[in-house]
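All residue numbers in the sequence shown are consecutive under the numbering used here, ending with 543.
Working notes, beginning with the structure itself.
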Amino acid sequence: MTRKPTILFVDGLWVEKHGIMSLIPQLERSRFSVHLRLTRNVRRLLASVAELEPDVVAFSVTTGWHEHALTMARAVRSRHPGVKILLGGPHVTYFPDVVLDPAVGVAFYGECDRELAPGLEALLDGVPAELVPNAAARRPGPVGTEVALGPLAPLAEDLDSLPLPDREHYYRHRFFRNSPYKSFIVSRGCPHDCAFCFNRKLRELYRGKGKFLRYRSPESVVEEALSLHRRFGMKLASFEDDLLTCDRGWLERLLTLWHRRVRVPYNLNATAQALTDESLVRLLKETGIWCVAFGIETGSETLRKTLLNKALTDDQVRRAGSLLKKHAVRFLTYNMFALPGERLDDALATVRLNREIGTRLARCTLFTPFPGTELGDRAAAGNGFPPGTNPRGRGGTIPVGEADALGRGGTIPGCGGTIPVGEADALGRGGTIPGCGGTIPVGEADALGRGGTIPGCGEMLFGRSALEGPEVARIERLQKLALLGMRSPAAEKLARFASAIPAGPVHDLVFWATYFDAVRDYMKTDTLHLLELGIRSMTDVL
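Spelled out as C-alpha cells, the structure:
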C-alpha cells in the first residue's frame with residue numbers, strides 16, 4: 002500500500018485558527034494525512050518533525066507571526082532538507098515574495114479552500130508553480146531569482162458549498178475542548194476602505210474574480226453551532242468576522258434563528274453607524290448578545306475622516322453609545338493611539354469620547370503602519386505624514402527589504418499577551434497579530450525580509466509606537482493608562498498627569514491589569530482560563 006503524504010501544520014498561538022481548520026477537510030479527503038502542532042518552540046517542532054517524518058511542514062501566517070514562522074522554517078530546513086516548507090495565510094496573500102526566502106519551498110496566496118489539496122498534489126508531482134492556481138514559488142529569472150505565481154482562482158461565492166471547519170485537531174487539546182467560548186467565522190469580505198486595513202488591497206486582488214462580500218446561510222451557521230454545543234458545550238459564541246452588520250436582512254434571519262434554536266450568548270463586530278439604528282440594538286438585546294464591538298479609532302473626528310478614511314462622526318459614536326446603554330447592551334470599543342499627526346489633546350479626546358459614552362471595555366493599541374495598507378505604504382514612501390511623524394529612525398522611509406525597518410535592531414519581545422478575539426482580528430485589520438518573539442540583530446537584513454515588512458509589530462501594538470514625533474512618547478504612556486482614564490473625569494485627569502511621568506513598570510502594570518479585566522469580561526471567561534491562554538500563547542510551558 003502506497004504511503005499517504007503527510008502534512009504537518011504548525012501554529013504558534015493558542016486560538017482556533019479558522020484558516021487551518023477550513024483546509025483540513027479538503028486535504029484529508031484528498032491523499033494527505035494531516036497533523037497539527039501548537040508550538041513556537043523550535044526544539045519541540047524539530048522533535049515533532051523527527052517523529053512524524055512529514056512530507057510538508059505548513060505555516061499559516063499573519064504579518065508579525067511570519068517572522069517567527071520563518072525562523073522555525075529555517076530550522077526545519079537545516080535539520081531536514083528533504084521536507085517541503087509551505088507558507089500560506091494573510092501575509093502570503095499580500096506579500097507572496099516571502100517565498101524568496103531560501104527556507105520556503107512553496108506558498109499559497111489568496112483563498113485556497115478548493116485549491117490547496119489539488120495544488121499541493123500537483124506540486125509534489127512536479128508541476129511548475131506558475132501552472133498551479135494560487136501557488137507561489139521561486140524560479141530563475143533574467144536578473145536573479147524571481148517569484149513564479151500561479152493564476153488566482155475565482156472566489157468561492159457559495160460558502161455553504163465548502164466543508165465546515167474541522168476542529169478535531171485543535172480539540173484534542175483539553176484547553177480547546179473545555180473552553181467556555183467557541184469561535185465562528187460565517188462571512189468573508191468587508192465593504193469599507195479604512196486606510197489602516199488590508200481590505201482595499203484584497204478587493205483589488207480579487208476584482209473580476211467573483212462576489213467579494215459573502216455569507217453562509219443562517220441555517221448552516223446554526224447547525225454547526227448546535228453540533229459543537231452538543232459535543233463540547235459552549236457558554237459564549239464569538240463571531241470573529243470583520244463585520245456582521247453589512248446585510249441587515251441576513252443578520253436578522255441569523256440572530257432570530259440563533260435565539261430560537263441555540264440560545265447561547267454571542268459577541269459580534271459592528272460599526273458605530275449601524276448601532277445608531279435603535280431597531281438593530283433592540284434586536285441584539287432580544288436575541289441574547291453578550292457584547293458588541295465597534296471601532297472608534299480616535300477621538301479626533303478630523304483624523305478619523307482624513308487620515309483613517311473612516312466616515313464616522315462623534316455624534317454617531319455618542320448616539321450608538323446612548324442606545325446601547327438604553328437597552329443595557331454591553332459593548333467594547335477599538336481605539337488607536339500615536340497616529341500620524343496626532344497630538345496629546347487628540348489622544349485625550351479618544352479617552353474622553355469613550356468616557357462620555359460609558360465605555361467599560363476597550364482595546365487600546367498603538368498605531369502600526371502595516372505594509373500593504375494605505376497608511377503602511379505611505380509610511381514606506383515617506384509620503385503624506387505630517388513633519389516629525391516619520392517611522393522611527395528612518396527619516397520617512399521604510400525601504401523594502403532593508404535591515405530592521407524600524408531602525409532599532411536588538412531584541413523584539415512578544416506583545417506580552419494575546420489578542421484573544423482570534424484569527425480574523427475583530428478590527429478587521431488583517432488577522433490576529435501575535436508577538437514576534439526572537440531577535441533581530443542590529444544591521445541584519447530585514448528579519449524576514451519580504452514586502453517591506455515591519456519587524457516587531459507585536460511590540461508596537463502594545464509597547465512602542467512605530468512613529469516618532471513631538472508628543473509620541475507621552476501618547477505611548479497615555480495609551481497604557483487609557484482604559485483607566487475612561488472610568489471617570491478624575492481618572493482621566495490622573496491618566497493625563499501620569500502620562501507625563503517617564504515610562505516605568507507601573508504604566509505597564511496598569512495597562513495589563515485593565516486590559517486583562519476587559520478581555521476576561523468580553524470573553525465571558527474566568528481568570529484561570531485567561532491566564533492559561535496567555536501563558537500558552539507566549540510560551541511553551543504548559
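For glycine and all other residues, C-beta sits at the position ideal for the given N, C-alpha and C.
Model, not experiment: these values are computed from the prediction.
7 Å CB neighbourhood of residue i in its chain, flanking five on each side removed
| i | result |
| --- | --- |
| R320 | T277 |
| Y172 | R178 and F233 |
| A157 | E112, D114, R115 and L163 |
| R305 | E298, T299, K311 and L313 |
| A138 | V100, V107, A130 and A149 |
| K481 | H508, D509, V511 and F512 |
| A48 | none |
| P421 | A caution first: P421 carries a pLDDT of 28, below 50, which makes its placement in the model unreliable, though a value can still be read off. Only V16, V520, M524 and L534 meet the Cβ criterion. |
| T528 | R521 |
| A123 | V133 |
Neighbourhood of residue i by C-beta, 6 Å cutoff - its chain only, sequence neighbours within 5 removed
| i | result |
| --- | --- |
| I25 | V35 and D167 |
| L121 | none |
| D595 | Outside the displayed range of the chain (2 to 543) lies residue 595, so it cannot be described from this structure. |
| L87 | V57, A59 and V107 |
| R75 | A104 |
| G418 | Interpretation of G418 is limited by its pLDDT of 27, a score under 50 that renders its predicted location unreliable; the figure taken from the coordinates is listed afterwards. Contacts found: G535. |
| L531 | R521 |
| Y516 | none |
| K286 | H328 and V330 |
| M73 | V43 and L46 |
| L37 | F10 and H170 |
Proximal residues to residue i (C-beta, below 8 Å), its chain only, five neighbours per side dropped
| i | result |
| --- | --- |
| D541 | T40, R41, N42 and R45 |
| K202 | Y95, G373 and T374 |
| L229 | R168, K183 and M235 |
Those residues which DSSP pairs with residue i across a bridge
| i | result |
| --- | --- |
| T7 | S34 |
| S188 | Y216 |
| R140 | E147 |
| D12 | L39 |
| Y110 | In DSSP, Y110 forms no bridge with anything. |
| Y182 | L237 |
| T334 | F295 and A363 |
| I290 | Y267 |
| I86 | V58 |
| L132 | Its beta-bridge partners do not exist; DSSP assigns none. |
| L534 | The partner list for L534 (beta bridge, DSSP) is empty, contrary to what the question assumes. |
When the options are compared against residue i, the one with the closest alpha-carbon
| i | options | result |
| --- | --- | --- |
| C113 | R139, G142, G151 and G322 | G151 |
| P372 | L281, C198 and S188 | C198 |
| R537 | L269, D12, Q274 and R4 | D12 |
| V16 | S323, K183 and E375 | K183 |
| E298 | E343, T360, L214 and M337 | M337 |
| V222 | C247, F512, I186 and V100 | I186 |
| R249 | P143, P266, T272 and R231 | T272 |
| V62 | G20, R75, V77 and R30 | G20 |
| E302 | F295, V318, K326 and E287 | V318 |
| K5 | D56, S23 and R215 | D56 |
| F368 | F213, P341 and E169 | P341 |
| V293 | L308, S188 and G322 | G322 |
| F10 | I290, V84, L309 and R204 | V84 |
| T64 | H81, G90 and S79 | G90 |
| K1 | I290, L333 and R283 | Because the chain in this structure spans residues 2 to 543, residue 1 falls outside the shown range and cannot be described. |
| P370 | A136, V330 and L308 | L308 |
| N135 | H170, L206, C191 and T72 | L206 |
| P155 | D126, A104 and K212 | K212 |
| L244 | R262, A275 and R30 | A275 |
| L227 | R254, E52, E493 and H260 | H260 |
| R465 | L160, R32, A339 and L28 | A339 |
Would you list, in sequence order, the uninterrupted alpha helix (DSSP H) runs of no fewer than 4 residues that lie entirely inside the segment 29 to 81? 43 to 53 and 66 to 80
Would you list, in sequence order, the uninterrupted alpha helix (DSSP H) runs of no fewer than 4 residues that lie entirely inside the segment 203 to 281? 219 to 233 and 249 to 262
Could you name each continuous beta strand (DSSP E) segment of 3 residues or more that falls completely within the segment 336 to 369, going from the start of the chain to the end? 362 to 367
With three or more C-beta pairs closer than 8 Å as the rule, is the segment 354 to 370 touching the segment 487 to 494? yes
Could you tell me whether the segment 332 to 349 touches the segment 502 to 517, where touching means 3 or more Cβ pairs closer than 8 Å? no
Continuous alpha helix (DSSP H) assignments of at least 4 residues falling wholly in the segment 479 to 515: 490 to 499
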